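For reference, the structure is listed below as structure tokens.
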Amino acid sequence: MGVDIYPPLIADARARAVELGVADRVELIEGDAAKPLDLGRFSVVSCLGASWIGGDLAGTLQTMLRHAEPRAWLLVGEVYRALPPSAELAARYEQSFADLAGTLDVFGSAGVDLVEMVLTNDDDWDRYAASQWLNVANWLDNNPDHPDAATVRAERDDSRRRYLTDERGTLGWGVFVGRAG
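Below, the structure written as structure tokens:
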């Protein structure tokens, strides 16, 4: 079962499920995972790249635990602080990110045993960030007269500058694997 708030992603996921021949085994729901949903309980619960659903990592783990069977696996894709951020970078984020030891503490406070992690390196982050720049550049090429084109371009330019100035090397990303208590 998958939940996403953005209809085009649900449509893409459904098409991909058909392509892979698993559409009869996958349920994809358009919904807001930040709100209470009656989805049942699962042995694996994942949230990759959307920890905003709980406001921060701690809240997201609590949201995930509502859908977790006892001893369920929890997989969370989360940003972490690899180095202390500049004051400007710290002020830019509504959500403060912990270093790795702080991430361990958040898991522990939630009653989740952190048992594994797979972390990105700078090359992984570069590919992720640059792929967004390329996607936006392609969209701008295909939609030069779109009313939002100037705003999208400005946001892309600002995001690119922030990444190269402050974020690269300061922030990391990983998939953290825990077991529910």
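Residue numbering for the sequence shown follows this note's numbering, beginning at 227 and increasing consecutively. All C-beta atoms, glycine included, are put in the ideal place defined by N, C-alpha and C. Model, not experiment: these values are computed from the prediction.
Do residue i and residue j have their C-beta atoms closer together than 9 Å?
| i | j | result |
| --- | --- | --- |
| Leu283 | Val270 | no |
| Leu287 | Val341 | no |
| Glu304 | Ala406 | no |
| Gly400 | Leu366 | no |
| Ser312 | Thr377 | no |
| Arg379 | Val403 | no |
Which residues mark the beginning and the end of the beta strand (DSSP E) in which residue i is found?
| i | result |
| --- | --- |
| Asp230 | 228–230 |
| Val305 | 294–307 |
| Ser322 | Here Ser322 belongs to no beta strand (DSSP E), and DSSP marks it neither H nor E. |
| Leu397 | 397–406 |
| Asp339 | 338–345 |
Between which two residues does the alpha helix (DSSP H) containing residue i stretch?
| i | result |
| --- | --- |
| Val332 | 326–335 |
| Tyr354 | 348–368 |
| Arg318 | 313–318 |
Less than 8 Å between the CB atoms is what I'm expecting for residue i and residue j, so what's the real figure, rounded?
| i | j | result |
| --- | --- | --- |
| His293 | Arg267 | 6 Å |
| Ile279 | Ala260 | 4 Å |
| Asp348 | Arg394 | 7 Å |
Relative to the ligand SAH, is the shortest distance from any of its heavy atoms to the C-beta of residue i smaller than 8 Å?
| i | result |
| --- | --- |
| Leu345 | Absent from the structure shown: the ligand SAH. Ligands present: none. |
Excluding sequence positions up to five away, which residues of its chain have a Cβ less than 6 Å from the Cβ of residue i?
| i | result |
| --- | --- |
| Arg307 | Phe323, Asp325 |
| Ile255 | Val229 |
Output needed for residue i: all residues of its chain with C-beta closer than 7 Å, excluding positions within five of it in sequence on either side, in chain order.
| i | result |
| --- | --- |
| Arg297 | Arg405, Ala406 |
**Asked** Counting pairs of Cβ atoms below 8 Å between the region 349–368 and the region 315–331, do you hit three or more?
**Response** no
**Request:** Give a yes or no on contact between the region 370–386 and the region 322–329, applying the rule of three or more CB pairs nearer than 8 Å.
**Result:** no
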